[in-house]
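Trainee: Per the working numbering, the very first residue in the sequence shown carries number 9; after that it's consecutive. C-beta: ideal position from N, C-alpha, C; glycine also.
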Amino acid sequence: MKLLMFKDYINSSLEETKKLAQLITERISNGSILLLNGDLGSGKTQFVRFIAEHLEVLDIVTSPSFLILNKYSTEKNVDMFHFDFYRVKNIQELEDLGFFEIIESNEGIVLIEWADLYRNLFDGKEKRIIDIYFNFIEDNINQREIVVKGNI
Ligand SMILES: Nc1ncnc2c1ncn2[C@@H]1O[C@H](COP(=O)(O)OP(=O)(O)O)[C@@H](O)[C@H]1O
Ligand SMILES: [Mg+2]
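(1) Per DSSP, which residues does Gly158 bridge with? Please list them.
(2) Measure from the alpha carbon of Phe93 to the alpha carbon of each residue in Ser81, Leu102, Asp87 and Phe108, then state which is nearest.
(3) Run through DSSP, which three-state label would Asp104 get?
(4) Cβ atoms of Lys26 and Phe142: under 8 Å apart, would you say?
(5) I'd like to know if the region 82-98 and the region 141-159 are in contact, where contact means that at least 3 CB-CB pairs between them fall below 8 Å.
(6) Measuring from the CB of Ser47, is there a heavy atom of ligand 2 at a distance below 7 Å?
(7) Taking Val118 and Ile68 to be in contact with their CB atoms under 8 Å, please state how far apart those CB atoms are, rounded to whole angstroms.
(8) Does DSSP put Asn85 in a helix, in a strand, or in coil?
(9) Label Met13 either buried or exposed according to how many other C-beta atoms from any shown protein chain fall within 10 Å of its C-beta, with 16 as the threshold for buried.
(10) Pull up the distance between the alpha-carbon of Lys135 and that of Gly39, whole angstroms please.
(11) In the DSSP assignment, find the alpha helix (DSSP H) that holds Leu28 and state where it starts and stops.
Structure representation (structure tokens):
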């Protein structure tokens with residue numbers, strides 16, 4: 009993507025993170041899978057909120073940590089599936105939630121916090137995947153280093 013042409017990361021304030029989410033929202037569509045990784049508090053859920061805002065999700069986006077999956081409809085004619093793998097104990101749990109149907113259907117935009125905990129689930133889906141890594145920056149609580157990798 010243009011913004012990241014010269015380097016694959018940016019140091020991002022909250023406002024810039026919102027803009028980055030907008031750029032990415034403009035480049036995704038049904039079937040896109042966004043894998044969000046980074047430590048607790050690094051900004052994964054915040055990023056999902058920004059994407060939700062740009063997709064014009066009407067509900068308030070909450071962290072799905074306890075529920076593992078939240079589903080939202082949007083004003084932009086796509087559904088948004090928000091997973092958090094942090095508390096997923098085994099693949100069966102994901103199966104029961106319909107994860108595989110959602111992934112195979114190629115419908116909706118799928119965002120997954122802590123996706124790398126079950127990375128192999130995405131083997132063979134590279135074309136649909138955008139990896140986003142969130143890192144803390146030393147001595148700056150208001151910025152994050154954000155790395156974006158993928159087909160955008
Ligand atoms: N530059 C930034 N980008 C994203 N989040 C930021 C940034 N600066 C501060 N924050 C704040 O950091 C917190 C990240 O929390 P959250 O998104 O819940 O993290 P995670 O889901 O990764 O555990 C939010 O309160 C958010 O407002
Ligand atoms: Mg979170």
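Mentor: To lay it out plainly:
(1) On the sequence shown, position 150 is the one that residue 158 refers to. For Gly158, which the question treats as bridged, DSSP gives the partners Ile138.
(2) Position 85 of the sequence shown holds residue 93. The shortest C-alpha separation from Phe93 is found at Leu102.
(3) Locating residue 104 in the sequence shown gives position 96, counting from the first residue. It is helical.
(4) Locating residue 142 in the sequence shown gives position 134, where the first residue counts as 1. Locating residue 26 in the sequence shown gives position 18, where the first residue counts as 1. Cβ atoms of Phe142 and Lys26: not closer than 8 Å.
(5) no
(6) Translated into positions along the sequence shown, residue 47 becomes position 39. The identity of residue 47 in the sequence shown is Asp, whereas the question assumes Ser. Because no heavy atom of ligand 2 lies under 7 Å away, the Cβ of Asp47 does not count as near it: no.
(7) In the sequence shown, counting from the first residue as 1, residue 118 sits at position 110. In the sequence shown, counting from the first residue as 1, residue 68 sits at position 60. Ile68 and Val118 do not touch by the CB rule: their CB atoms are close to 19 Å apart, not below 8 Å.
(8) For the purposes of this step, residue 85 is taken as the residue at position 77 of the sequence shown. Asn85: coil per DSSP, three-state reduction.
(9) Counting from one through the sequence shown, the residue named residue 13 turns up at place 5. With a pLDDT of 43 at Met13, under the threshold of 50, the predicted position of this residue should be treated as unreliable, and no value is reported.
(10) Residue numbering aside, residue 135 sits at position 127 when the sequence shown is read from its first letter. Residue numbering aside, residue 39 sits at position 31 when the sequence shown is read from its first letter. When rounded, the distance between both Cα atoms is 10 Å.
(11) Taking the first residue of the sequence shown as 1, we reach residue 28 at position 20. Run containing Leu28: Leu22 to Arg35, per the alpha helix (DSSP H) assignment.
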